[in-house]
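The C-terminal residue of the sequence shown carries number 406 in the working numbering, and the numbering is unbroken.
What follows is a single structure, written as structure tokens, with notes after it.
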Amino acid sequence: MDFSSKQVFDVVVAGGGVAGLALAACLKQALGAGADILIADPRLGDIEGRERASAIAPGSRRLLTEVGVWETIASRAQPIHEMAITDGGVWDGARPVHLSFHERADEPLAHMAMNDDVVAALRDRCLALGVGCVKAGVGGFVINRYTIDAKIADASARARLLVGADGARSKLRALADIATVGWDYPQSAIVATIGHQRDHRGRAEQHFLPAGPFAILPLPGRRSSIVWNESKADAAALLSLDKADFRRELEARFTLKLGEIEAVSDPIALPLVYRVARRFVAERLALVGDAAHVVHPLAGQGLNLALRDVAALAEHIVERVRLGLDPGDAGNLAAYERARRFDVAASSLGMDLMNRLFSNDIGALRATRDFGLRLVDRAPALKRLLIEEAAGARGVAPRLLLGQAL
Ligand SMILES: Cc1cc2nc3c(=O)[nH]c(=O)nc-3n(C[C@H](O)[C@H](O)[C@H](O)COP(=O)(O)OP(=O)(O)OC[C@H]3O[C@@H](n4cnc5c(N)ncnc54)[C@H](O)[C@@H]3O)c2cc1C
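What follows is the structure, encoded as structure tokens:
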């Protein structure tokens, strides 16, 4: 790999997951031939193949539409028309719905899409737009006065700004000496795709069970994705069961509302952590996505938070580059951090609080929280507010989340 020693990229992005690819595509689309953007990832273009699905909130969908990939993703995505929230025991005969959300006439609550589909569509878009793509990792960097050199394999790419989109175990974050705050949850999330007899009609369900939330998220056809939280030990024990026993445990939680369970993909258990970087920026470096924050998957917001970072950072970079200014200068990076800090803290701590409040079986606490859920259910204005908050486009949202071009 050889980068001309005279070439200075506007931005080098380390990491070709959803966050890195979306940022590179947004920048190149807005700035065109006037900008040199490079993306580097040792697994660039590889398919994860883990059947991981994510809920794409309306703000994220608008960003993906603006960047020209939504049509491709939508053809294989499932709209969520309705969401029901229950609170009860695994073996309760009935699980009354305490809170429900319904789509408004103009848009579904969210769409379920496979991560691999989102990554593939964004990667193709980056290639079509002319983003430089390198299948190798960023192993380090050297900061110069006006630029930063990213070490990629045995070469070096010079840029005005390096973006760490290299996931939860971000090497760039560590190299920049940015500490994280957070903790490991005593829970793991069992993730699998279920085939069932009846149509889900686009209804998602979140069952707050004593061990943690059990989410049923509709996929195209008669299939649903489940995110099943259990204590780490129980999750490991469940995965070691033979297929028939595992299915029995699953049925108790999934219930037979959608008829018999017809197929179950190989389940995986993912350890759950809460991690937020103390800073989202360092000299000539910005972090986005899981490199900056990893949140509980309870409300399906990790990828959406990542795309909110992307929308904010892209807007800050594009404004600077169009004025002929340096996108990596300290003032611009501080503005990006200010734009994201509050949203990340509020969303991630909100999810943590919900998880703590609901992952237990204390009678009095359950009665109080159920009363709270029912109160919210009877307050249409508050429900609308919650839907808008989850959509990621309230208040002074970045333009891409509102469906406006940069
Ligand atoms: C069980 C579960 C369910 C979830 N469900 C949802 C949901 O419904 N909705 C939602 O919004 N979110 C969900 N999430 C969260 C979401 O999947 C993540 O937040 C999102 O994928 C993060 O994207 P990313 O691009 O930041 O990181 P990643 O997808 O981890 O991508 C990082 C990339 O960086 C590359 N890389 C690593 N090191 C280097 C290096 N040194 N140089 C260059 N590249 C490097 C890796 O190869 C990788 O491709 C869920 C997560 C879990 C665990």
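Just so you know, even glycine gets a beta-carbon here, dropped at the ideal spot from N, CA and C.
- In this structure Arg275 does not touch His296 by the C-beta definition: roughly 11 angstroms separates them, more than the 8 angstroms allowed.
- In this structure Leu313 is buried. Its beta-carbon is surrounded by 16 or more other beta-carbon atoms within 10 angstroms.
- In chain order, Arg95 place their CB closer than 6 angstroms to the CB of Gly88, counting only its own chain and leaving out the 5 sequence neighbours on each side.
- With respect to Leu129, Val11 sits apart: the two C-beta atoms are not nearer than 9 angstroms.
- Secondary structure of Gln29 (DSSP, three-state): helix.
- Shown here for His98: same chain residues with a beta carbon closer than 8 angstroms to its own, the five before and five after excluded, namely Ile85, Thr86, Asp87, Asp370, Leu373, Arg374 and Asp377 in chain order.
- As the crow flies, the alpha-carbon of Gln29 is around 17 angstroms from that of Leu402.
- Pro213 has its Cβ no nearer than 8 angstroms to any heavy atom of ligand 1.
- A check of alpha carbon separations from Gln197 across Ala55, Ala282 and Leu258 identifies Leu258 as the nearest.
- In this structure Ala311 is in contact with Pro398, their Cβ atoms being roughly 4 angstroms apart against a cut-off of 8 angstroms.
- A distance below 8 angstroms between beta-carbons, with the five flanking residues on each side excluded, links Gly20 to the following residues of its chain, in chain order: Val13, Ala14, Ile39, Asp41, Val163, Ala165, Asp166, Val288 and Gly289.
- Here Asp184 is exposed, its C-beta having fewer than 16 other C-beta atoms within 10 Å.
- Secondary structure remark: continuous beta strand (DSSP E) runs of at least 3 residues inside the segment 78-134, in chain order: 78-80, 82-87, 97-102, 110-114 and 132-134.
- Straight-line measurement puts the Cα of Ser170 at about 14 angstroms from the Cα of Ala306.
- With three or more CB-CB distances shorter than 8 angstroms, the segment 268-287 counts as touching the segment 139-149.
- Ile226 is a Cβ neighbour of Ile190, given a cutoff of 9 angstroms.
- The nearest non-hydrogen atom of ligand 1 is less than 8 angstroms from the C-beta of Leu303.
- In this structure, the alpha-carbon of Arg76 lies about 33 angstroms from that of Ala237.
- Restricting attention to Phe246, Arg253, Phe214 and Ile37, the CA atom closest to the CA of Val134 is found in Ile37.
- Judged by DSSP secondary structure, Asn304 falls within the alpha helix (DSSP H) whose first and last residues are Gly302 to Arg322.
- Rounded to the nearest angstrom, the Cβ distance from Ala136 to Ala153 is 4 angstroms, consistent with a contact under 8 angstroms.
- Met83 sits close to Leu109, with the two beta carbons spaced by under 9 angstroms.
- Annotated as distal: Pro218 and Gly195, with beta-carbon spacing of 9 angstroms or more.
- Secondary structure of Glu71 (DSSP, three-state): helix.
- Out of Leu256, Asp124, Arg43 and Ala105, the CA that lies nearest to the CA of Ile73 is found in Asp124.
- When only Cα atoms are considered, Asp46 and Leu122 end up about 13 angstroms apart.
- Nearest to Ala150 by alpha-carbon distance, out of Ala176, Glu337, Arg341 and Glu48, is Ala176.
- If you ignore the 5 residues before and after Ala269, its C-beta comes within less than 6 angstroms of the C-beta of Ser188, Ile190, Ala235 and Leu239, all in its own chain and listed in chain order.
- Annotation: the segment 184-267 contains the following complete segments of the alpha helix (DSSP H) (minimum length 4 residues), in chain order: 232-239 and 243-254.
- Look at the beta carbons and you see the segment 327-339 not touching the segment 248-268: under three pairs across the two are nearer than 8 angstroms.
- By the neighbour-count criterion, in which a residue is buried when 16 or more other Cβ atoms sit within 10 angstroms of its Cβ, Ala159 is buried.
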